[in-house]
Amino acid sequence: MLCAMCGNDQARVYTRRTESGETKLYLCPDCYRRFMSGKASDTKNVRRACPSCGTTLDEFRKTGYLGCADCYSAFREELIPTIRVLQGRLYHTGKDPVRALGDEQAELEEELADAQKTGDKFLEQRIRYRLSVIHRLLSGGDE
Amino acid sequence: MNISYESVAVSSRIRLARNFRDYPFPDRLIKSPHAREQASEMVRTINAELNAVEEFELYDVGTLTEARATYLVERNLISRDLIRHSAISAALISPDESISVMINEEDHIREQYFMRGYDLNKAYERITGIDDVISESLPFAFDREFGYLTACPTNLGTGMRASVMMFLPAVSRRGLMKRIATELHRLGLTVRGTSGEGSGAEGDLFQISNEVTLGLTETEILSAVEKAVELIVQFELRERARMRAEGGIQLRDKTMRAYGILSNCCLLGMKEFIELTADLKLGILFGYLGTDRAEEEVLAEVDEHIVAMRPANIDRLNGAALSEEEQNAYRAEQTNRVMRRMEIVV
Numbered sequence: 000m001l002c003a004m005c006g007n008d009q010a011r012v013y014t015r016r017t018e019s020g021e022t023k024l025y026l027c028p029d030c031y032r033r034f035m036s037g038k039a040s041d042t043k044n045v046r047r048a049c050p051s052c053g054t055t056l057d058e059f060r061k062t063g064y065l066g067c068a069d070c071y072s073a074f075r076e077e078l079i080p081t082i083r084v085l086q087g088r089l090y091h092t093g094k095d096p097v098r099a100l101g102d103e104q105a106e107l108e109e110e111l112a113d114a115q116k117t118g119d120k121f122l123e124q125r126i127r128y129r130l131s132v133i134h135r136l137l138s139g140g141d142e
Numbered sequence: 000m001n002i003s004y005e006s007v008a009v010s011s012r013i014r015l016a017r018n019f020r021d022y023p024f025p026d027r028l029i030k031s032p033h034a035r036e037q038a039s040e041m042v043r044t045i046n047a048e049l050n051a052v053e054e055f056e057l058y059d060v061g062t063l064t065e066a067r068a069t070y071l072v073e074r075n076l077i078s079r080d081l082i083r084h085s086a087i088s089a090a091l092i093s094p095d096e097s098i099s100v101m102i103n104e105e106d107h108i109r110e111q112y113f114m115r116g117y118d119l120n121k122a123y124e125r126i127t128g129i130d131d132v133i134s135e136s137l138p139f140a141f142d143r144e145f146g147y148l149t150a151c152p153t154n155l156g157t158g159m160r161a162s163v164m165m166f167l168p169a170v171s172r173r174g175l176m177k178r179i180a181t182e183l184h185r186l187g188l189t190v191r192g193t194s195g196e197g198s199g200a201e202g203d204l205f206q207i208s209n210e211v212t213l214g215l216t217e218t219e220i221l222s223a224v225e226k227a228v229e230l231i232v233q234f235e236l237r238e239r240a241r242m243r244a245e246g247g248i249q250l251r252d253k254t255m256r257a258y259g260i261l262s263n264c265c266l267l268g269m270k271e272f273i274e275l276t277a278d279l280k281l282g283i284l285f286g287y288l289g290t291d292r293a294e295e296e297v298l299a300e301v302d303e304h305i306v307a308m309r310p311a312n313i314d315r316l317n318g319a320a321l322s323e324e325e326q327n328a329y330r331a332e333q334t335n336r337v338m339r340r341m342e343i344v345v
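Protein chains in written order, with numbering that gives the first Met the number 0: chain A, 0 to 142; chain B, 0 to 345.
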């Protein structure tokens, strides 16, 4: 197996203990040294805190936990090497709640047009209610 | 010898980890001065959404007695991490105990579906439906690149852990688990003991699950776990055949002794109980211990009995807390009864 970080050299399996449990790292010795010393990412800003919850990069490195969803934006660049090491990949390809809601919204809009044509007020009302829920979720809960 | 597929792949479990965009993750939330109000709001909204669709019982972890909480942990319906957050945590559990939704564990939501038998696709279909309902309560923390955002990046992406509990007496007693573990790591999968991360194997039971959660679709993850499970089933069946051929009278003696002790003992500690029931199951699978009932049914009854005989479960059945020795006596008496009920023919 090749190193998960550089992808060039043969990987060894290292076990890293954090408060969230044990993690296996598949790295070559050079990348492992860089990763453990924090040089695999930008370490100049370790004291920088997440603007939403106040978690610092140092805290994350110590505990293995992030404080809130915004930490992923605040520390994005620094997190990328860690995520690549842990997961081997960087891009989500699975279930997507936004896409699913978007599809449902499109279908409901068609159904709404049909209900308006047939004059089914009860159905129209139900569809409008569901569309308002979807709209609220897609716009992030802001009315 | 009639050894079925499900005598190896015993049960299936899918867990999804989710967080809400507008609240700090539980470890941070618990430190907030508004933690209780925010947690109550979260619990109230999810409870209303889920109970509008099907019946769930709500457990406020902060008000549970230690005995009740341990009872639920022993039944794998809640976790120790959920109890650690008891000031803000809750659980919604379906009446048949197949679905459990933990609120404010390591992540805001840990949804799991558990079923006896091997059917990961059915388990996923069920839990993704529950996930869709919860997604309508509050906006999830979701990122186009990273997927579902989790407190620990080891769960990022799909947030999904698909696991199959496997009864592997032949592979493990013949010292071949290390080979399986190495192979699984290569495939982005892992093997753990019965109670999940960091736990040892009890009664030759091992949990096979995915380690990687990002960059694969849910279907790809399920298919990777299934492929591994199927190979391990074949491996275990081959090793069982070898074990039986080589085991001779000593192996038969071991399983018969297990049956003898479980049928007649007066005190039975948990560790010994687990070891003996594993031998008993092996005796049934190898045909040393006969029964008129279907093999799967008998094995399922033994496994259910194991859960029911854990300490907090015994106290609940008994209606009052017992000392360790009293529990051992209770476990022995109940097990004697179960053995009689099974009408095993030697």
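Note that the Cβ used here is the ideal one computed from N, Cα and C, for glycine as well.
DSSP-derived helix/strand/coil call for residue i
| i | result |
| --- | --- |
| M165 (chain B) | strand |
| S198 (chain B) | Below a pLDDT of 50, predicted positions are generally treated as unreliable, and S198 (chain B), at 48, falls in that range; the measurement from the model is reported next regardless. Reduced to three states, the DSSP call for S198 (chain B) is coil. |
| R17 (chain B) | strand |
| A86 (chain B) | coil |
| A48 (chain A) | strand |
| L316 (chain B) | helix |
| E63 (chain B) | In the sequence as displayed, the identity of residue 63 (chain B) is Leu instead of Glu. Of the three classes helix, strand and coil, the one that applies to L63 (chain B) here is coil, per DSSP. |
| T55 (chain A) | strand |
| T212 (chain B) | coil |
| S322 (chain B) | coil |
| V7 (chain B) | coil |
| D336 (chain B) | Here residue 336 (chain B) is Arg; the residue named in the question, Asp, does not match the sequence. R336 (chain B) falls in the helix class under three-state DSSP. |
| R173 (chain B) | coil |
| K43 (chain A) | In this prediction, K43 (chain A) scores a pLDDT of 43, lower than 50, which makes its location untrustworthy; the coordinate-derived value is nonetheless stated afterwards. The answer is coil: DSSP assigns K43 (chain A) none of H, G, I, E or B. |
| E105 (chain B) | coil |
| C30 (chain A) | helix |
| M0 (chain B) | Confidence is the limiting factor: at M0 (chain B) the pLDDT is only 37, short of 50, which leaves the residue's position unreliable and the question unanswerable from this model. |
| L137 (chain A) | helix |
| L130 (chain A) | helix |
| Y22 (chain B) | coil |
| G122 (chain A) | With the sequence shown as reference, residue 122 (chain A) is identified as Leu, and Gly is not the correct amino acid for it. Correct three-state label for L122 (chain A): helix. |
| L137 (chain B) | coil |
| S19 (chain A) | With a pLDDT of 48 at S19 (chain A), under the threshold of 50, the modelled position of this residue cannot be trusted; read the value that follows with caution. Here S19 (chain A) sits in coil by DSSP. |
Residues sharing a beta bridge with residue i, DSSP
| i | result |
| --- | --- |
| G146 (chain B) | B:D142, B:G156 |
| L91 (chain B) | B:L57, B:V100 |
| V344 (chain B) | B:G289 |
| R12 (chain B) | B:F113, B:S162 |
| L24 (chain A) | A:Y13 |
Contact belief for residue i with residue j at Cβ below 8 Å, rounded distance in angstroms
| i | j | result |
| --- | --- | --- |
| L91 (chain B) | F55 (chain B) | 4 Å |
| G93 (chain A) | E225 (chain B) | 16 Å between Cβ atoms; not a contact. |
| V84 (chain A) | L26 (chain A) | 7 Å |
| C52 (chain A) | C30 (chain A) | Wrong, their Cβ atoms sit about 30 Å apart, outside the cutoff. |
| D430 (chain B) | S162 (chain B) | Outside the modelled stretch of chain B, which goes from 0 to 345, sits residue 430 (chain B), for which no answer is possible. |
| A66 (chain B) | A311 (chain B) | 6 Å |
| S99 (chain B) | Q111 (chain B) | 5 Å |
| F19 (chain B) | P152 (chain B) | Actually they do not touch by this definition, with Cβ atoms about 18 Å apart. |
| S88 (chain B) | N75 (chain B) | Their Cβ separation, rounded to whole angstroms, is 16 Å, which puts S88 (chain B) and N75 (chain B) out of contact at 8 Å. |
| L221 (chain B) | N154 (chain B) | So it is not a contact: roughly 16 Å between Cβ atoms. |
| L250 (chain B) | R243 (chain B) | 7 Å |
| M165 (chain B) | V9 (chain B) | 6 Å |
| V306 (chain B) | L279 (chain B) | Their Cβ separation, rounded to whole angstroms, is 16 Å, which puts V306 (chain B) and L279 (chain B) out of contact at 8 Å. |
| Q104 (chain A) | L78 (chain A) | Actually they are not in contact, since the Cβ atoms of Q104 (chain A) and L78 (chain A) sit about 31 Å apart, beyond 8 Å. |
| G214 (chain B) | L111 (chain A) | The Cβ separation is near 37 Å, so there is no contact. |
| A319 (chain B) | L266 (chain B) | The pair is not a contact, with the Cβ atoms about 19 Å apart (cut-off 8 Å). |
| L65 (chain A) | F234 (chain B) | About 39 Å separates the two Cβ atoms, so there is no contact after all. |
| R173 (chain B) | E238 (chain B) | 6 Å |
Unbroken alpha helix (DSSP H) run spanning residue i, endpoints
| i | result |
| --- | --- |
| R109 (chain B) | Looking at the DSSP string, R109 (chain B) is not in any alpha helix (DSSP H); the run it does join, the beta strand (DSSP E), is 108–115. |
| I29 (chain B) | From DSSP, I29 (chain B) is part of no alpha helix (DSSP H); its letter is neither H nor E. |
| A122 (chain B) | 119–134 |
| R35 (chain B) | 34–50 |
| G282 (chain B) | 269–284 |
| M176 (chain B) | 176–185 |
| L76 (chain B) | No alpha helix (DSSP H) holds L76 (chain B); DSSP gives it neither H nor E. |
| E296 (chain B) | 294–307 |
9 Å Cβ cut-off: residues of chain D touching residue i
| i | result |
| --- | --- |
| R88 (chain A) | Among the protein chains of the structure shown, namely A and B, there is no chain D. |
N- and C-terminal bounds of the beta strand (DSSP E) containing residue i
| i | result |
| --- | --- |
| L188 (chain B) | 188–191 |
| N209 (chain B) | 204–209 |
Contiguous alpha helix (DSSP H) assignments of at least 4 residues, all confined to the stretch 217–265 of chain B: 217–263
Within the stretch 59–119 of chain A, ranges of the alpha helix (DSSP H) (whole runs, at least 4 residues): Whole alpha helix (DSSP H) segments, 4+ residues: 70–73, 75–86, 96–117.
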